[in-house]
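Visitor: Could you have a look at this structure, given as structure tokens, before my questions?
So this is what it looks like as structure tokens:
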């Protein structure tokens, strides 16, 4: 049994196709098939049910894949040990970022990070939290930046910053003349929300605790982007809540519609998250250092109340 064979098994399990798996592994399909066949012969079991289209794992194959993933991940740790011993920070690093953090945070740290660590090849994707958790668990992401806590036993979290919620209230709204807002002032019925699947949406709903027993079909107006929520609010269709960093780039006229909460202000916790196996920790720590240094000047709020991103 070799690590290469286990790597091939994981590729087929992911792609459910020998040809696609071979392409991902940069080998010929016969080579990949032969190595998996040798492993099955050695173990005396079938890992894949080849009669199914697409190919499926057998019952014992599912258990083998789970263990193979652990073994392959641990094998990568050897290179990590060597890199850390040499003080080397480089190589490919796959990073996921949730949509409500990506457009504001990425421009703040990316240039600095590339300049400071030119040997790191960052591959960044904008992904929803659910997809991030799945990809970290499967080993397809090295780390991610997301709202926390996530309460996932396979994932570790390092807090980067706390980002307050800010009310965006148009002039014709009942709360526009309030200098500051209390959570008790919020009414989910006149609030614009991000569409289902965004953890910021779940945070807003959790904030409106008095309304948490209402059913989702009462939320009539939803959008996929915060920019669209602002435009809809400007049309008089309701108020909305924004993450603080999103308020820094809006124009002066729209800033007149911003209303902060009375302290402790509701806020979200934003963290860098990674698998409990702690692979590529030198790059994770480098990211944390760079992001913490650039965010320190932008967010100086201390008296906040963290709102869970988990749907209640």
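In the UniProt record's numbering, the protein residues as written are 1 to 312. C-beta atoms are modelled at their ideal positions from N, C-alpha and C, and glycine is treated no differently.
Less than 8 Å separating the beta-carbons of residue 93 and residue 123?
Guide: yes
Visitor: Which residue from 179, 275 and 202 puts its Cα closest to that of residue 143?
Guide: 275
Visitor: Please confirm whether residue 120 and residue 283 have their CB atoms less than 8 Å apart.
Guide: Inclusion of residue 120 and residue 283 in the CB contact set at 8 Å is warranted, their separation being smaller than that value.
Visitor: Taking the beta carbon of residue 96 as the centre, do at least 16 other beta carbons fall within 10 Å, making it buried, or is it exposed?
Guide: Its Cβ being crowded by 16 or more others within 10 Å, residue 96 is buried.
Visitor: For the UniProt domain "HTH lysR-type" (1-58), list the alpha helix (DSSP H) runs that are entirely contained and at least 4 residues long, ordered along the chain.
Guide: 3-15, 18-25 and 29-43
Visitor: Counting pairs of beta carbons, one from the stretch 190-207 and one from the stretch 232-245, are three or more of them closer than 8 Å?
Guide: yes
Visitor: Should the stretch 52-62 be regarded as contacting the stretch 172-187, the criterion being three or more beta carbon pairs within less than 8 Å?
Guide: no
Visitor: With distances taken from CA atoms, which of 285, 100 and 9 is nearest residue 64?
Guide: 9
Visitor: Does residue 258 come within less than 8 Å of chain B when only Cβ atoms are used?
Guide: Going by chain labels, chain B is absent from the structure shown, which holds only one protein chain.
Visitor: Identify, in the order they occur along the chain, each residue of the same chain with its Cβ nearer than 8 Å to the Cβ of residue 32, setting aside the five sequence neighbours on each side.
Guide: 8, 11, 12, 18, 21, 22 and 25
Visitor: On the three-state DSSP scale, how would you describe residue 148?
Guide: strand
Visitor: Return the bridge partner residues of residue 167 from the DSSP annotation.
Guide: 241 and 259
Visitor: Do residue 268 and residue 230 have their CB atoms nearer than 8 Å?
Guide: No, Cβ-Cβ distance for residue 268 and residue 230 is not below 8 Å.
Visitor: What are the start and end residues of the alpha helix (DSSP H) that includes residue 203?
Guide: 199-207
Visitor: Just how far apart, CA to CA, sit residue 260 and residue 150?
Guide: 26 Å
Visitor: Can you tell me whether DSSP reads residue 173 as helix, strand or coil?
Guide: In the three-state scheme derived from DSSP, where H, G and I count as helix and E and B as strand, residue 173 is classed as coil.
Visitor: Does DSSP put residue 235 in a helix, in a strand, or in coil?
Guide: coil
Visitor: Mind checking residue 296: buried by the 16 CB within 10 Å criterion, or exposed?
Guide: Exposed: under 16 other Cβ atoms inside 10 Å.
Visitor: Going by the beta-carbon positions, is the gap between residue 258 and residue 163 smaller than 8 Å?
Guide: Taking a C-beta distance under 8 Å as the contact criterion, residue 258 and residue 163 do not qualify as a contact pair.
Visitor: Any idea if residue 191 is buried or exposed, counting beta-carbon neighbours within 10 angstroms, 16 or more meaning buried?
Guide: Flag for residue 191 reads buried.
Visitor: Which residue wins for smallest C-alpha separation from residue 248, given the options 181, 166, 237 and 173?
Guide: Looking only at 181, 166, 237 and 173, the smallest Cα-Cα distance to residue 248 is reached by 166.
Visitor: Mind checking residue 37: buried by the 16 CB within 10 Å criterion, or exposed?
Guide: In summary, residue 37 is exposed, with fewer than 16 beta-carbon neighbours lying within 10 Å of its beta-carbon over all protein chains present.
Visitor: If you check the beta carbons only, do residue 113 and residue 279 fall under 8 Å apart?
Guide: no
Visitor: Between which two residues does the beta strand (DSSP E) carrying residue 225 extend?
Guide: Segment: none, residue 225 is in no beta strand (DSSP E) and carries neither H nor E.
Visitor: Considering Cα atoms alone, identify which of 155, 98, 311 and 160 is closest to residue 208.
Guide: 311
Visitor: For residue 234 and residue 170, what's the separation of their Cα atoms in angstroms?
Guide: Residue 234 and residue 170 have their alpha carbons spaced roughly 6 Å apart.
Visitor: Going by other Cβ atoms of all chains shown within 10 Å of its Cβ, with 16 needed for buried, is residue 85 buried or exposed?
Guide: exposed
Visitor: Quick check on residue 307: does DSSP put it in helix, strand or coil?
Guide: coil
Visitor: Taking C-beta to C-beta, are residue 98 and residue 127 nearer than 8 Å?
Guide: Yes, the Cβ-Cβ distance between residue 98 and residue 127 is below 8 Å.
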